[in-house]
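Contents: one structure, followed by commentary.
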Amino acid sequence: MNNDLPVIPVLKPCYDEEEIKAVSDVLRSGWVGLGPKTQEFEEAFANYIGCDFAVGLNSGTAALHLAVLSLQLKPGDEVMVPPITFVSTCHVVRYCHAIPVFCDVCPDTLNIDPKDIEKKLTPQTKALILWGDL
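All residue numbers for the sequence shown refer to my numbering, where the first residue is 65 and numbers rise by one.
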């Protein structure tokens, strides 16, 4: 790896001693995977959002992949996606053998542009992945 190349920070973690202690407690417990803390989190999150169940996954990519899998897309189906997003947004569409279709964003909000959605909508369009407010 060339250390002379600049690194573009994608995000900066924000945690303090409380999070460090929580991770340390889990490591000391011997349950680094699907243990009691995972179940505790799933139950608390389900309660918070008002549903019966929640499933904790290892990443946002895995969660988005699971969501797109649930659509039961077929090869050739299209999913509209914003161009300003984490790369996994497009990857999970391809993992499911569908085609990501980039829609432009509104310059004032950087959210996906409803007018561009309308222009690019086809019979093959099966879903839209977006963030923010339309």
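Think of the CB as a built atom: it goes at the ideal place given N, C-alpha and C, for glycine as much as any other residue.
Rounded to a whole number of angstroms, what is the C-alpha to C-alpha distance between residue i and residue j?
{"i": "Lys183", "j": "Phe166", "result": "11 Å"}
{"i": "Val132", "j": "Thr153", "result": "10 Å"}
{"i": "Lys85", "j": "Leu135", "result": "39 Å"}
{"i": "Pro187", "j": "Asp177", "result": "19 Å"}
{"i": "Asp80", "j": "Phe109", "result": "21 Å"}
{"i": "Asp89", "j": "Ala126", "result": "25 Å"}
{"i": "Pro73", "j": "Glu106", "result": "30 Å"}
{"i": "Leu174", "j": "Pro70", "result": "26 Å"}
{"i": "Pro147", "j": "Pro77", "result": "24 Å"}
{"i": "Trp95", "j": "Leu185", "result": "47 Å"}
{"i": "Ala118", "j": "Leu91", "result": "23 Å"}
{"i": "Pro100", "j": "Val151", "result": "32 Å"}
Can you tell me which of the options puts its alpha carbon nearest to the alpha carbon of residue i?
{"i": "Glu142", "options": "Pro187, Ile163, Phe109, His129", "result": "Ile163"}
{"i": "His129", "options": "Phe105, Asp116, His155, Gly140", "result": "His155"}
{"i": "Lys190", "options": "Ala108, Cys170, Asp89, Val145", "result": "Val145"}
{"i": "Cys170", "options": "Leu185, Trp195, Tyr159", "result": "Trp195"}
{"i": "Asn122", "options": "Leu98, Pro139, Asn111, Ile113", "result": "Leu98"}
{"i": "Gly140", "options": "Tyr159, Ala118, Tyr112, Lys179", "result": "Tyr159"}
{"i": "His161", "options": "Lys138, Leu75, Asp168, Thr149", "result": "Lys138"}
Can you check whether the CB of residue j is closer than 9 Å to the CB of residue i?
{"i": "Thr102", "j": "Gly120", "result": "yes"}
{"i": "Ile181", "j": "Val157", "result": "no"}
Pick out the complete beta strand (DSSP E) segments inside the segment 162-197, 3 residues or longer, and give them in chain order. 163-166, 189-192
Ignoring anything shorter than 4 residues, give me the alpha helix (DSSP H) runs that lie fully in the segment 71-159, in order along the chain. 81-93, 100-113, 124-133, 152-159
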